[in-house]
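Okay, so here's the structure we're looking at.
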Amino acid sequence: MGIYQWRDKKKPSGGKRRYYYKVKRKYAAGRPPTYTTLSAAEEEERKPVRARGGSYKIKAKKVAFAVVSNPKTGEARKARILRIVETPAHREYARRGIIVKGAVIDTTLGRAVVTSRPGQEGVVNAVLLEEQGQKQ
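Just so we're aligned, residue 690 is where the sequence shown starts under our numbering, counting upward by one.
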């Protein structure tokens, strides 16, 4: 059953943690993280994955473009992602080129912050940073 989301060790009040017997359930199963990366070419790679209740999540494996919105004008445009500047989630993600929510990316329109979750939504949405929005 690979990745498992339940807490296997329970701590009784005032006692030490110990394993307890419980049958593993399918709804407690997890999946490895997607690690959405920046595509070298203009081709993008997405993968549909079945979620609970029969619905589907679209996981983005490789992306090249982002939908960047300008908070000053309110318009949104498609822009090419040039590089990942920094990621507050983990310092190494920026070095490895992994795009997550909150990451600062360089686009053809300027610097932007990712507001979507590409590994779960399949698309990169971003908002231009204020200092870049004023120059345009």
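C-beta atoms are modelled at their ideal positions from N, C-alpha and C, and glycine is treated no differently. For clarity, every value in this text was computed on a predicted model and none was experimentally measured.
Could you give the residue range of the beta strand (DSSP E) that holds residue i?
| i | result |
| --- | --- |
| ARG683 | A query on residue 683 cannot be resolved here, the shown segment of the chain reaching from 690 to 825 and no further. |
| GLU764 | Neither: GLU764 is in no beta strand (DSSP E) and is coded neither H nor E. |
| ASN814 | 814-817 |
Where does residue i sit, in a helix, a strand or coil, going by DSSP?
| i | result |
| --- | --- |
| GLY799 | strand |
| GLU734 | strand |
| GLY822 | Because GLY822 carries a pLDDT of 45, less than 50, the predicted location of this residue cannot be relied on, and the following value inherits that uncertainty. Helix, per DSSP. |
| LYS705 | coil |
| ALA717 | helix |
| ARG739 | strand |
| SER805 | coil |
| ALA755 | strand |
| TYR724 | coil |
| ILE773 | strand |
| VAL789 | coil |
| LYS750 | strand |
List the whole-angstrom C-beta distance separating residue i from residue j, where the pair is believed to meet the contact cut-off of C-beta under 8 angstroms.
| i | j | result |
| --- | --- | --- |
| PRO831 | ILE692 | No answer is possible for residue 831: the residues shown for the chain start at 690 and end at 825. |
| ALA753 | GLU775 | Not confirmed; about 20 angstroms, so no contact. |
| ASN759 | LEU817 | 5 angstroms |
| VAL789 | ALA778 | 5 angstroms |
| ASN814 | ALA768 | 11 angstroms between Cβ atoms; not a contact. |
| LYS748 | GLY791 | So it is not a contact: roughly 18 angstroms between Cβ atoms. |
| LYS751 | SER728 | 4 angstroms |
| GLY808 | THR726 | Not a contact, Cβ separation roughly 10 angstroms. |
Per the DSSP calculation, residue i is bridged to which residue(s)?
| i | result |
| --- | --- |
| SER744 | None, per the DSSP bridge assignment. |
| GLU810 | DSSP lists no partner for GLU810. |
| ALA729 | ALA729 is not bridged to any residue. |
| ARG696 | In DSSP, ARG696 forms no bridge with anything. |
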